[in-house]
Every structure is written in structure tokens, then in C-alpha cells.
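So that you can map any letter, position 134 of the sequence shown is 134 in the UniProt record's numbering, and since no number is skipped, the others follow by simple counting.
Each residue gets a CB set at the ideal place from its N, CA and C atoms; glycine is no exception.
It should be emphasised that the depicted structure is a prediction, and the values quoted were computed from it without experimental measurement.
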Amino acid sequence: MSYLKQIQREQYGVGHEEQVLHPPGNENTYCPPLPASSYLDDEILLAPYQYLLKNPGKGIRSMIFEAFNQWLAVPPDQLAVIANVVEMLHGGSLLIDDIEDNSSLRRGVPVAYKVFGVAQTINCANYVYFLALQQVQKLRSPSGEPGKAVEIFADELVNAHRGQGIEIFWRENMVCPTEEQYLEMVGNKTSALLRLGIGLMVEYRGNTDLPPLLAYTTLCTALGNLFQIRDDYINLVSAEFAATKGYCEDIEEGKFSFPVIHSIRSNPHDRQLLNILKQHTTDSHLKRYALQLLDESKSLQYTREYLRALDGEVVAQIRALGGNRALDQIMALLRREYMAEPAVDGEGKC
Numbered sequence: 001m002s003y004l005k006q007i008q009r010e011q012y013g014v015g016h017e018e019q020v021l022h023p024p025g026n027e028n029t030y031c032p033p034l035p036a037s038s039y040l041d042d043e044i045l046l047a048p049y050q051y052l053l054k055n056p057g058k059g060i061r062s063m064i065f066e067a068f069n070q071w072l073a074v075p076p077d078q079l080a081v082i083a084n085v086v087e088m089l090h091g092g093s094l095l096i097d098d099i100e101d102n103s104s105l106r107r108g109v110p111v112a113y114k115v116f117g118v119a120q121t122i123n124c125a126n127y128v129y130f131l132a133l134q135q136v137q138k139l140r141s142p143s144g145e146p147g148k149a150v151e152i153f154a155d156e157l158v159n160a161h162r163g164q165g166i167e168i169f170w171r172e173n174m175v176c177p178t179e180e181q182y183l184e185m186v187g188n189k190t191s192a193l194l195r196l197g198i199g200l201m202v203e204y205r206g207n208t209d210l211p212p213l214l215a216y217t218t219l220c221t222a223l224g225n226l227f228q229i230r231d232d233y234i235n236l237v238s239a240e241f242a243a244t245k246g247y248c249e250d251i252e253e254g255k256f257s258f259p260v261i262h263s264i265r266s267n268p269h270d271r272q273l274l275n276i277l278k279q280h281t282t283d284s285h286l287k288r289y290a291l292q293l294l295d296e297s298k299s300l301q302y303t304r305e306y307l308r309a310l311d312g313e314v315v316a317q318i319r320a321l322g323g324n325r326a327l328d329q330i331m332a333l334l335r336r337e338y339m340a341e342p343a344v345d346g347e348g349k350c
């Protein structure tokens, strides 16, 4: 049974005609009964999300939470809720991202909004966010207290939307940020869900003899930076990525990714790359020329070097926290795409 279906069964029940709900602490206040059809309605409401789940990602975030739990010792039932909350939020955000980015493919298949429509997909994503919030409200500390779960949830979702919003502003208004501005945006957009998950784990940990929360969230931010810049890089050079998301999709989107920012900033008087981004082109020849410009400005090389330096920073932080074999294995998996020197040919493939 999927996690969402488990939530539905807990919330609606199976075999019951109706369930009368009351606001907490107001049991004398009447609320309309929940009709028996609501469970089936959820199959409709969640269809875009379930469609996304049919082609799952690599589950890196869940692997990271399992790895961090070697330090934090969160009880298994609480860890399962936290990991699933983050996966639900991540899935919901992908549904929205694909609309905002006008994407065509996700994991090698048409994006959800192309199948179910924009309106239903937006509603589904928002619904998933609030289903995740309901699960967060159930978390309890070892003493039985609710803790700061909702505060952590709200703070990091605010951060995620701030980061996403400023990135959209740059793209829509053709404003090329500085590298520092880009890293601040990534620290909000990409690192937020990692910090949310780890923040909840620290709040409900079983091991209390630990470094302060800041040490773990700093590592989460560094990991988020690594994830995003790695994605920016492989979007341009990976044949596998091209097959599942489209060839040089970031160029088509008009995105100011890490290599693109370096290229534009290194030669501000040359507007060729800016002009290509502005077109949101689907022309593979024009995309190849954009890739050539990135290669000539040594922006791909710079991105590889930056990733290697960031890799070293993450490894140092892991060691400072006492080492973690599972995180070391995840890092080894991630670095395959950027540690080797790729030979980018005229087709933009490795």
C-alpha cells in the first residue's frame, strides 16, 4: 500500500459511510460529515502525483535521511513519517516546477500537467503539501510533546518558495545574477527540503549527545549546493539526462544556471548566450552553439572544478561530525558525473 493510500485509510476509513470531523477542542461544533465517496475522490485528486510516482527518482533524499540517522537515532516510525513528508513535498514541488518551467519531459515521460492539465496538477500539488502537513502534525518527541515540527515545516517551505520565486524573476526578466546571488538562491530553493527533513530528525532524535542543529543544517546547505550545481552541469553534458529530460533543457528554459552565469559574467560584452536564452529555443543546432560558447568560456571546466571543491567541503563537514560511511557512499554515487573529465563533442554529448 502506498504511503498516501495509508494516509487516506487513516483519515477516511474503509467501510464507513461517513466520518464526522470537529475542530480540535471544539467537539460540540458540528462539521458536515465526510461522504463515503471521498476516498475514491482522492484517487482523482491525486492522479497527477500518482502518475509522477510511476516513474520514481533515485530516492537520494531518503538515502540521506537514513545516513544521517546513523548519527541521530530517530525512532523508525518517526523517521518513516519524516522521510515520506519530504518525498511528498518534493513530488508536489516537481509538479509545480514543470509548469513554471514549461517542461515537456520528466524522467523520460510527458510531465504531469501535459497529461492532466495545468489546473488539476496545481491543485494536486497543493493538496499533497497539506497532506504532508497533516503528517507533520502527528510527530511527537520522546516525551510526547509535539515540538517545533510545524515551525520547521513552515520556515523551510517559505525558504523554498523564496528561492524558486527569485529564480523565476531572473529568468522572466533576463536578469543574470552574480555567483553569490545564485548560491543564496540555491541555499533557499534546493537545500530547504533537506534542512526540513534533518531539522525534524534533530527535533525528534533519540541520541541527545550531539552537536548543535547548525552543524547539520550547514551540511545540508552544502549538499543542496552540490545537488543543484551538479544538476546544472549534467543538464548540459549528460546523454542520459538528455534522454529523460530533453537535450540541454536549461538552455530551452532560459535558465541562469551555474555554468551559464559564469560564461555571461566572464564576458559581459558578448550577448550571444543571453540572446539564445531569451528565445527559449528548441532548435538543437542553436543549443549546440550555446554549449560551444560555454565550452569556449571554460565555464564547464570551471563548474567541474567548483564541484570538486564543494565535494571536498562536504567531505570535511562529514568528518567533523564524526564520519558517516553511508554518506560517503552517497557522495561516491554523486561524484561520478563530475569527477571525470568529459569529452563534449559537437552534439553536446559525453
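- Shortest Cα-Cα distance from I152 to any of H285, S238, L194 and G312 involves L194.
- Under the three-state reduction of DSSP output, R106 falls in the strand class.
- For I60, the closest alpha carbon among the candidates K138, R308, E180 and L226 is that of L226.
- The distance from the Cβ of M185 to that of I168 is about 10 Å, inconsistent with a contact at the 8 Å cut-off.
- Judged by beta-carbon spacing, Y233 lies within the 8 Å limit of T303, meaning their Cβ atoms are closer than that value.
- Burial is judged here by how many other beta carbons sit within 10 angstroms of a residue's own beta carbon; V128 has at least 16 and is buried.
- Counting along the chain, no alpha helix (DSSP H) covers T282, and no H or E run does either.
- Leaving aside the five residues that flank K189 on each side, the residues in its chain whose CB is nearer than 7 Å to its CB run, in chain order, A160, G163, Q164 and E167.
- For C248, no alpha helix (DSSP H) segment is defined, and its DSSP state is neither H nor E.
- For M63, the closest alpha carbon among the candidates I198, L286, G312 and V111 is that of I198.
- Nearest to D328 by alpha-carbon distance, out of Q137, F258 and L223, is L223.
- When only Cα atoms are considered, V260 and S104 end up about 21 Å apart.
- Annotation for R162: the continuous alpha helix (DSSP H) segment containing it runs A149 to N173.
- DSSP places S257 outside any alpha helix (DSSP H), giving it a letter other than H or E.
- By alpha-carbon distance to H90, the top candidate from L131, E180 and L183 is L131.
- Distances from the alpha-carbon of V109 to those of A125, L53, R140 and I122 put L53 closest.
- Burial state of T121 is buried, judged by a 10 Å Cβ sphere holding 16 or more other Cβ atoms.
- Taken through DSSP and simplified to helix, strand or coil, T221 comes out as helix.
- Boundaries of the alpha helix (DSSP H) around C124: V118 to V136.
- Between S238 and N267 the beta-carbon gap is near 25 Å, outside 8 Å, which marks them as no contact.
- The three-state secondary structure of N235, taken from DSSP, is helix.
- If the five residues before and after Y51 are omitted, its C-beta is found closer than 8 Å to the C-beta atoms of A112, V115 and F116, all from its own chain and listed in chain order.
- Closest in C-alpha terms to L157, from the list A326, F258, V81 and V86, comes V86.
- Per DSSP, the unbroken alpha helix (DSSP H) holding P76 starts and ends at P76 to E100.
- In the three-state reduction of the DSSP assignment, R288 falls in the helix class.
- Take the alpha-carbon of L293 and the one of L94: they are about 30 Å apart.
- Counting along the chain, the unbroken alpha helix (DSSP H) around S299 starts and ends at S299 to A320.
- No Cβ-Cβ contact shorter than 8 Å links L286 with L236.
- CA-CA distance, P177 to V81, rounds to 37 Å.
- A residue is called buried when at least 16 other Cβ atoms come within 10 angstroms of its Cβ; S284 does not meet this threshold and is exposed.
- Shown here, H269 sits in coil according to DSSP, grouped into three states, outside any helix or strand.
- Between G254 and L277, the gap from beta carbon to beta carbon is short of 8 Å.
- For a cut-off of 8 Å, the C-beta gap from L139 to L200 is around 7 Å, short enough to register as a contact.
- Shown here for P75: same chain residues with a beta carbon closer than 7 Å to its own, the five before and five after excluded, namely G206 in chain order.
- Judged by DSSP secondary structure, L193 falls within the alpha helix (DSSP H) whose first and last residues are A192 to E203.
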